[in-house]
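Numbering (this note's numbering), first residue to last: 189 to 610.
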């Protein structure tokens, strides 16, 4: 019998902000999305105010000010590093681990069936809190889907751990879980299932698996089996290779000039190339797009979207930047205030499986060495220590992040300072 756990960091972005600033311990906090647009993380105090996840900042600014809510811009460098620390601790505690997202991981508790797994999970939770300052909830069940449901109850528990295995009235808890909240039930199914009198997780558990397969899908049938404690979704010990890589951003202010757009897209293409090299992949196709804002009544909504065939797989920043520049040079139309742009890299393949040209092998080798040197320097001395000139210098178009906290753990100039008591 398999036993799974799901470790989920509580209000992760807000928790990261609290780790290095003790004055935020009981202070209500929200963290905003890119360009300070929407609320993407809320402390429990803010949730109690009824402010929903993903709400536009401008719609709730008055109530946030009224309740003295601290507002932060996204600090993904800090959040990514704190996530790596939490996942590293989890990897030391269990034999198998699947990192599901920046703040979630599935755990394999199967080898510990001779122990009290609730106690073990509590020990893991205490270790993470002591070593990182991050609070974690852990749900336990016979399948990944049940572990997900157990985690919902763990967040409401003072213990921070909920073992669905040790609860006799499992069906009662599944009855309390709306089917729309079950992991694996998509938006479309959550609307159609109630029409078949399936309103809760318990209803889905008791449904005929063959009916679910024929009426909906094999995937939903597996979810129903998982609710019955039949493990159908194994742990993935290694992430699947990406089929696409995208870098998109909203502009801090409207971009009207061609050169500004070239610089922005060159920056995104360069970052996309770095992602490919980190994943040891290369792309054959790059899609380039830019668009106007959606809420400007003074101009029509316009978007430009172009696909460029690179003719050979590459992860060379220079080649990808050249493709974006040529696209803008050819298709740019003046007179519009642009609010967002980006690149999407497609037809990805492992870089060691690229079919090389007989005449380009020497040039490809030189290109790879240059990219490797740039990456090593940036890794040692900091992000964008070396950049391509095409990405610009002043970058007036960059996203707003006026409320970003320091990158306490990754930047020497932003390390926390501890003052000695006099």
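Every residue, glycine too, gets a C-beta built ideally from N, C-alpha and C. Source: prediction; values computed, not measured.
List the endpoints of the continuous beta strand (DSSP E) containing residue i.
i, result
"residue 478", "469 to 480"
"residue 530", "526 to 534"
"residue 377", "Counting along the chain, residue 377 falls outside any beta strand (DSSP E), though it belongs to the alpha helix (DSSP H) covering 375 to 380."
"residue 596", "Neither: residue 596 is in no beta strand (DSSP E) and is coded neither H nor E."
"residue 288", "285 to 289"
"residue 494", "491 to 502"
"residue 292", "292 to 296"
Since residue i and residue j should fall inside the 8 Å C-beta cutoff, what is the C-beta to C-beta distance between them, to a whole number of angstroms?
i, j, result
"residue 417", "residue 331", "6 Å"
"residue 222", "residue 199", "Actually they do not touch by this definition, with Cβ atoms about 19 Å apart."
"residue 297", "residue 282", "7 Å"
"residue 305", "residue 328", "6 Å"
"residue 362", "residue 393", "6 Å"
"residue 562", "residue 574", "5 Å"
"residue 239", "residue 253", "Actually they are not in contact, since the Cβ atoms of residue 239 and residue 253 sit about 12 Å apart, beyond 8 Å."
"residue 387", "residue 367", "6 Å"
"residue 269", "residue 598", "5 Å"
"residue 423", "residue 284", "5 Å"
"residue 463", "residue 433", "5 Å"
"residue 519", "residue 480", "No, residue 519 and residue 480 are not in contact; Cβ-Cβ is about 14 Å, not under 8 Å."
"residue 290", "residue 315", "Residue 290 to residue 315, Cβ: 20 Å. No contact."
With 16 other CB atoms within 10 Å as the buried threshold, where does residue i fall?
i, result
"residue 601", "exposed"
"residue 216", "buried"
"residue 267", "buried"
"residue 489", "exposed"
"residue 346", "exposed"
"residue 220", "buried"
"residue 189", "exposed"
"residue 350", "buried"
"residue 246", "exposed"
"residue 521", "exposed"
"residue 396", "exposed"
"residue 263", "buried"
"residue 275", "buried"
"residue 458", "buried"
"residue 456", "buried"
"residue 375", "exposed"
"residue 572", "exposed"
"residue 400", "buried"
"residue 295", "buried"
"residue 498", "buried"
"residue 579", "buried"
"residue 482", "exposed"
"residue 466", "exposed"
"residue 595", "buried"
"residue 444", "exposed"
What are the start and end residues of the alpha helix (DSSP H) that includes residue i?
i, result
"residue 399", "397 to 403"
"residue 276", "264 to 281"
"residue 251", "249 to 254"
"residue 258", "Here residue 258 belongs to no alpha helix (DSSP H); instead the beta strand (DSSP E) covers 258 to 260."
"residue 442", "No alpha helix (DSSP H) holds residue 442; the beta strand (DSSP E) holding it covers 433 to 443."
"residue 450", "446 to 466"
"residue 420", "Element bounds for residue 420: n/a, residue is neither H nor E."
"residue 389", "389 to 394"
"residue 511", "505 to 519"
Say whether chain C places a C-beta atom closer than 8 Å to the C-beta of residue i.
i, result
"residue 271", "The question asks about chain C, but that chain is absent: this structure has only one protein chain."
Taking 8 Å as the cut-off, does the region 472 to 482 touch the region 528 to 536 (at least 3 CB pairs, one atom from each stretch)? yes
Touching or not, the region 557 to 566 and the region 499 to 507, by the rule of three or more beta carbon pairs under 8 Å? yes
Across the region 481 to 497 and the region 514 to 530, are there enough close Cβ pairs to call them in contact, namely three or more that are closer than 8 Å? yes
Would you call the region 195 to 211 in contact with the region 315 to 330, where contact means no fewer than 3 C-beta pairs closer than 8 Å? yes
Complete runs of the alpha helix (DSSP H) confined to the region 304 to 369 [at least 4 residues]: 305 to 320, 332 to 344 and 358 to 363
Does the pairing of the region 257 to 277 with the region 585 to 604 give three or more beta-carbon distances under 8 Å? yes
4 or more residues per run - each alpha helix (DSSP H) lying fully within the region 189 to 233: Whole alpha helix (DSSP H) segments, 4+ residues: 200 to 207.
Whether or not the region 408 to 423 and the region 447 to 463 are in contact is what I'm after, with contact meaning three or more pairs of Cβ atoms, one per stretch, closer than 8 Å; do they touch? no
contact_flag[the region 331 to 345, the region 370 to 377] where n(CB pairs < 8 Å) is 3 or more: yes
Segment contact flag, the region 519 to 532 with the region 429 to 441, C-beta cutoff 8 Å, min 3 pairs: yes
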